[in-house]
Structures are given as C-alpha cells and as structure tokens.
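Novice: I have a structure I would like to understand better, so I am pasting it below and will then ask my questions one at a time.
In this note's numbering, the protein residues as written are 3 to 450.
In structure tokens:
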C-alpha cells in the first residue's frame with residue numbers, strides 16, 4: 003500500500019509540473035547567450051596588452067546575491083582571459099572561486115572594527131602591489147572602506163558596487179556608508195539604487211553604471227529539472243498531494259514579509275493551499291519562534307512549513323504554484339522574482355525598490371502595495387486560479403523577459419565592459435578626500 007501511495011504521489015507531482023510550464027518554452031540553446039560574445043572590449047585588451055588582474059573584495063562567501071555575483075564575475079574574468087583574485091573572510095562557497103580558475107585570499111574584510119579595517123588597508127595595499135592588480139572592485143561597505151584607501155598611490159583602478167540602501171544615520175554612519183560610493187566607476191544593481199546613490203551621496207551620474215543582476219539560464223530553466231529531482235524536492239518538503247504551493251524563498255527575517263503573506267492566505271480561506279517558507283533562520287531564531295506562533299494563531303499549522311535549507315532551488319521553484327516576495331522594505335534588486343520568472347512560475351511581489359524593474363506588471367507577474375493584505379489576497383487568488391493556457395502564457399512571457407534582460411552573461415559582459423573602460427585609461431589616482439570624517443589616515447600609514 004505504501005509503495006502504491008508513493009507512486010500515486012509521484013504521478014501527482016509530475017502532472018502538476020507538466021501543466022505549469024515544464025515543456026512550454028523554446029529550447030535552452032535559443033534562450034541562452036553564449037560566451038563567444040562576452041565583453042569584446044575586455045577580450046581586446048587581453049589580446050593587445052596583457053591579462054589584467056582583477057581583485058574583488060566582499061565580506062564572506064556564503065549564500066546571498068552579492069556572493070553569487072562575485073562568483074559569477076570571477077568565472078567570467080577567467081573565461082575572458084584575465085586573472086581573478088577574490089578577497090573575503092572565507093565561507094562555504096570559497097571553493098567555487100578556485101574551482102573556476104580564480105585565486106581566493108582569506109582576509110578579515112568582513113570586520114567593522116576600525117583597527118581591523120585599518121590593518122586591512124595595509125594588507126590590501128601590499129597585495130595590490132605584489133600581485134600587480136589592475137582593478138580593485140569592492141562589493142560591500144566594510145571592504146570598500148579599506149580598499150578605497152589601499153588603492154591610493156598604487157597602479158590600480160577602483161570600482162565599487164552598491165547592492166542595497168542603508169539607513170543614513172549620523173556623521174559616522176554616513177561616512178561609512180559613503181565608502182561604497184567612491185569608486186572611479188560605481189555599479190548600481192538597479193535604477194532604484196542609482197537614484198539612491200545620486201540623492202544621498204551625490205555620486206556623479208557620469209561614473210554610475212546600472213548593471214542588473216543575472217541568473218544562469220542553464221540552471222534556472224524548467225527543462226533543466228529532471229523528474230527525479232522534482233520528486234525528491236517534494237518529498238523533502240513534504241508537500242501534501244494535490245495542494246497548490248505558495249512559496250516564499252527568503253531568509254527568515256521580519257523584513258521579508260512572512261506574516262504579511264500569512265494574513266493574505268488566511269483571508270483567502272482556501273483549504274487546498276500549502277505555504278512553504280524556504281530560507282535560513284541563522285541569526286533570526288527569535289523571529290522564527292514568533293513566526294511559528296503566528297502560524298499557529300492563524301490556524302495554518304497544517305498548511306504551512308518552514309524549511310531552512312534547500313540544495314536544489316530550481317526544483318523547489320518547479321513544485322510551486324506561485325512564488326511570492328512580499329518584502330516590507332525595498333530591495334536593491336531581488337533575485338527571487340527573476341529566478342521565478344526564469345522557471346516559468348507566476349510571481350507576486352511588493353511594488354517598491356528594484357522589483358519594479360524586474361517584473362512587468364500584469365504581464366509576467368503581479369505587483370502589490372507593501373502591507374496591503376487585500377491586494378495580496380486578490381493577486382494570490384488570480385495566480386492560483388489561472389487555467390492551463392493562462393499559466394503557459396504567463397510562463398512564456400516571464401522566461402522571455404528574463405532571457406532578454408537578466409542573464410548571467412549580460413551581467414558579466416556589462417561588468418567586464420566597465421573594467422575595460424578603466425583599463426583603457428591607464429593608471430588612475432585613487433586617493434580618498436583627506437577631510438573624510440571617518441578618516442584614520444595615521445592608522446593607514448602605520449598599517450602599510
């Protein structure tokens with residue numbers, strides 16, 4: 003009996019996926035841009051001059067959008083003929099740097115301790131000189147504070163990337179935040195972030211470059227997920243047979259809007275709905291307990307589940323009926339809506355931040371006002387009620403939208419083009435303003 007039930011459940015999973023867009027898209031070869039066209043200007047520099055050495059710095063190499071971007075750019079640099087160095091405090095994904103042909107150097111660039119940051123200036127400056135680094139690319143505030151000072155007096159050019167907004171705070175906090183806005187080129191991951199940098203840190207529009215994040219279409223594509231992976235993911239997450247799955251893939255954090263979504267699900271009142279919260283709770287264990295209590299108070303204990311670890315996100319997307327990103331605070335970009343569209347999933351997100359640039363309203367998904375439970379409830383009802391033809395049309399539009407605007411190849415090519423801009427100008431002067439209110443110039447000199 004158990005074996006028969008398992009087969010029935012497997013057939014249900016595969017049937018559910020097959021009618022939600024597994025085979026509705028053109029082949030991957032038509033959707034994915036090849037590396038042959040990646041950054042001709044960067045490749046030309048390599049051919050005519052030398053293999054440029056690019057150093058990226060970020061706090062750590064664990065999960066997250068910043069980390070994924072650095073890993074992708076590392077591989078792109080190597081594939082285009084350059085030499086890649088990544089500096090971080092280490093992490094679970096550090097091995098991916100060396101696997102792709104780059105060099106990983108462990109350094110405490112995650113630290114916000116002023117003494118450690120000052121010491122990092124000397125460490126980075128020595129590394130820049132010893133390795134003949136051409137470009138330093140800081141991808142977060144703490145590394146940027148040290149890297150911006152380290153490049154002063156060296157041959158290296160300086161690039162920064164801003165991925166999120168930050169509370170302005172007082173003079174100290176403003177100066178710390180401003181470290182990410184002091185590159186010769188400043189990459190913003192969305193127009194929303196570019197506006198934030200212009201308005202709050204007076205970044206010259208001429209040095210700003212908007213480069214949206216990208217996803218790997220060879221990974222995030224319905225046809226890349228095998229039936230075995232779908233069954234394994236469904237069993238791991240214990241999805242009830244026949245349930246419509248509403249998935250919120252984000253870390254367990256108050257700003258991600260879990261309770262907002264629960265309010266909408268409770269208001270919807272559907273019995274065949276299953277809510278799946280998928281994301282790490284590390285550092286947010288207290289909020290997780292609050293969330294569990296809220297689930298119980300809403301009477302949704304048997305209709306929801308929190309999963310803190312998933313090693314197959316494409317399969318997780320494929321077993322979802324709708325993906326929801328109900329963030330309460332605007333995000334700089336937000337990979338989840340893009341990944342969901344790439345997988346042909348209906349997606350609902352809050353109407354603010356970078357999300358406005360990734361979802362085509364009422365064409366590839368729904369945008370609702372932050373905290374508007376009625377609007378989210380209506381969007382959920384519409385998404386869940388889509389018939390086969392409606393789901394297929396939405397999936398096709400979403401996948402095409404991502405393939406044209408948000409691929410890894412496009413992100414990497416645009417970033418390498420920024421590097422090529424600077425490589426073509428010769429060595430630059432990178433000194434930061436001497437009146438920086440967060441300056442520790444004496445410590446800088448002592449450190450190297």
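Note that CB positions come from ideal geometry on N, CA and C, so glycine has one too.
Source: prediction; values computed, not measured.
Beta-carbon within less than 8 Å of residue 269's beta-carbon, same chain only, minus the 5 sequence neighbours each way: which residues are those?
Specialist: Counting only Cβ-Cβ distances below 8 Å, and skipping sequence neighbours, we find 375, 376, 379.
Novice: Quick one: give me the first and last residue of the beta strand (DSSP E) that residue 163 is part of.
Specialist: Note, residue 163: beta strand (DSSP E), 159 to 164.
Novice: Identify the residues that DSSP records as bridge partners of residue 368: which are they?
Specialist: For residue 368, which the question treats as bridged, DSSP gives the partners 350.
Novice: Counting only the same chain and skipping the five closest in sequence on each side, list residues whose C-beta sits under 6 Å from that of residue 198.
Specialist: Closer than 6 Å at Cβ, skipping near neighbours: 167.
Novice: With DSSP run on the structure shown, which of helix, strand or coil describes residue 135?
Specialist: Correct three-state label for residue 135: coil.
Novice: Could you pull the start and end residues of the alpha helix (DSSP H) that residue 315 belongs to?
Specialist: 315 to 320 is the span of the alpha helix (DSSP H), which, as asked, contains residue 315.
Novice: Starting from residue 291, follow the beta strand (DSSP E) in both directions and report where the run begins and ends.
Specialist: Looking at the DSSP string, residue 291 is not in any beta strand (DSSP E); the run it does join, the alpha helix (DSSP H), is 287 to 299.
Novice: What whole-angstrom Cβ distance do residue 217 and residue 417 have, given they're in contact under 8 Å?
Specialist: Their Cβ separation, rounded to whole angstroms, is 15 Å, which puts residue 217 and residue 417 out of contact at 8 Å.
Novice: To the nearest whole angstrom, what separates the beta carbons of residue 111 and residue 130, a pair I think is in contact under 8 Å?
Specialist: No, residue 111 and residue 130 are not in contact; Cβ-Cβ is about 13 Å, not under 8 Å.
Novice: Rounded to whole angstroms, what's the CA-CA distance from residue 71 to residue 237? Just pull it up for me.
Specialist: The straight-line gap from Cα to Cα measures roughly 31 Å.
Novice: From residue 355 to residue 333, what distance separates their C-alpha atoms?
Specialist: C-alpha separation (whole angstroms): 5 Å.
Novice: Would you report the Cα separation of residue 287 and residue 357, rounded to the nearest angstrom?
Specialist: In a straight line, the C-alpha of residue 287 is about 27 Å away from that of residue 357.
Novice: Excluding the five sequence neighbours on either side, which residues of its own chain have a C-beta within less than 6 Å of the C-beta of residue 76, listed in chain order?
Specialist: So the list reads 86, 88, 99, 102, 104, once near-sequence residues are dropped.
Novice: When you compare each of 95, 148, 325 to residue 397 by their alpha carbons, which one comes out closest?
Specialist: It is 325 whose Cα lies nearest to the Cα of residue 397.
Novice: Rounding to the nearest angstrom, what Cα-Cα distance links residue 207 and residue 57 in this structure?
Specialist: Straight-line Cα distance between these residues: approximately 24 Å.
Novice: Any chance you could list the beta strand (DSSP E) runs of at least 3 consecutive residues sitting entirely within the segment 85 to 143, in chain order?
Specialist: Correct list: 85 to 90, 105 to 108, 137 to 140.
Novice: Count the other CB atoms within 10 Å of the CB of residue 117; is the residue buried (16 or more) or exposed (fewer)?
Specialist: Exposed is the call here.
Novice: Consult DSSP for residue 409 and reduce its assignment to one of helix, strand or coil.
Specialist: It is a strand residue.
Novice: What does DSSP give as the partner residue(s) for residue 61 in the beta ladder?
Specialist: Note: residue 61 sits in no beta bridge, so no partner.
Novice: Determine, using beta carbons only, whether residue 96 and residue 60 come nearer to each other than 7 Å.
Specialist: Not in contact: residue 96 and residue 60 (Cβ atoms no closer than 7 Å).
Novice: Under the three-state reduction of DSSP, which class applies to residue 152: helix, strand or coil?
Specialist: Note: residue 152 maps to helix in three-state DSSP.
Novice: What residue range is occupied by the uninterrupted alpha helix (DSSP H) comprising residue 451?
Specialist: Any property of residue 451 remains undetermined from this structure, which presents the chain solely from 3 to 450.
Novice: Please confirm whether residue 52 has its beta-carbon closer than 7 Å to some beta-carbon of chain B.
Specialist: Absent here is chain B; the protein component of the structure consists of one chain.
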